[in-house]
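Participant: Residue numbers for the sequence shown follow our numbering, beginning at 147 and rising by one.
Every residue, glycine too, gets a C-beta built ideally from N, C-alpha and C.
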Amino acid sequence: MYSEYSFPNKYGISKITLTKKIHCYCRLGGDWYTNQLEISFKPGAEIPDYVYLDKAIEERCEKQDLIIEEVINNISNIILEQCPSATDLHITSYVDDSVPKNMFVKVEKYEL
Numbered sequence: 147m148y149s150e151y152s153f154p155n156k157y158g159i160s161k162i163t164l165t166k167k168i169h170c171y172c173r174l175g176g177d178w179y180t181n182q183l184e185i186s187f188k189p190g191a192e193i194p195d196y197v198y199l200d201k202a203i204e205e206r207c208e209k210q211d212l213i214i215e216e217v218i219n220n221i222s223n224i225i226l227e228q229c230p231s232a233t234d235l236h237i238t239s240y241v242d243d244s245v246p247k248n249m250f251v252k253v254e255k256y257e258l
């Protein structure tokens, strides 16, 4: 099943990894912070439109009032909307400009 923003994986791509920085407001800490994200997944039968993927992440996360866990959840939902057959999704956010400093949050979903 393909979404409007995905294409058949006719190239045999076995893993997609991307990095991205997202700036968010943390209502718990009362300040802005930067998610330094690493996102990887096995695409399955379809691959995403990378331009749309980047745009969707920007629209749903950039400059929003989101804690780290909400950013990761939003990105997970975006990946699954575009690539319903994706597996082995790993999303890591590293934050070093907030309180507490040097925070890593990682979510791994194997069977989606």
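So what's Ile224 in DSSP terms, helix, strand or just coil?
Facilitator: Three-state DSSP puts Ile224 in a helix.
Participant: Just the C-alpha distance for Ser231 and Ser222, rounded to the nearest angstrom, thanks.
Facilitator: Spanning the two alpha carbons is a distance of roughly 13 Å.
Participant: Does DSSP put Leu199 in a helix, in a strand, or in coil?
Facilitator: Here Leu199 sits in helix by DSSP.
Participant: Rounded to the nearest angstrom, what separates Pro246 and Ala202 at their Cα positions?
Facilitator: The straight-line gap from Cα to Cα measures roughly 28 Å.
Participant: With respect to the beta strand (DSSP E) encompassing Leu235, which residues constitute its N-terminal and C-terminal limits?
Facilitator: 233-241 is the extent of the beta strand (DSSP E) around Leu235.
Participant: Does DSSP put Asn219 in a helix, in a strand, or in coil?
Facilitator: DSSP places Asn219 in helix when its eight states are reduced to three.
Participant: Do the CB positions of Thr233 and Gly190 come within less than 8 Å of each other?
Facilitator: Yes; because the gap between Cβ atoms is below 8 Å, this pair is in contact.
Participant: Output the boundary residues of the beta strand (DSSP E) element that contains Ser186.
Facilitator: Segment 177-188, the beta strand (DSSP E) holding Ser186.
Participant: Measure the alpha-carbon distance for Ser160 versus Glu254 and round it to whole angstroms.
Facilitator: Between Ser160 and Glu254, the C-alpha separation is close to 17 Å.
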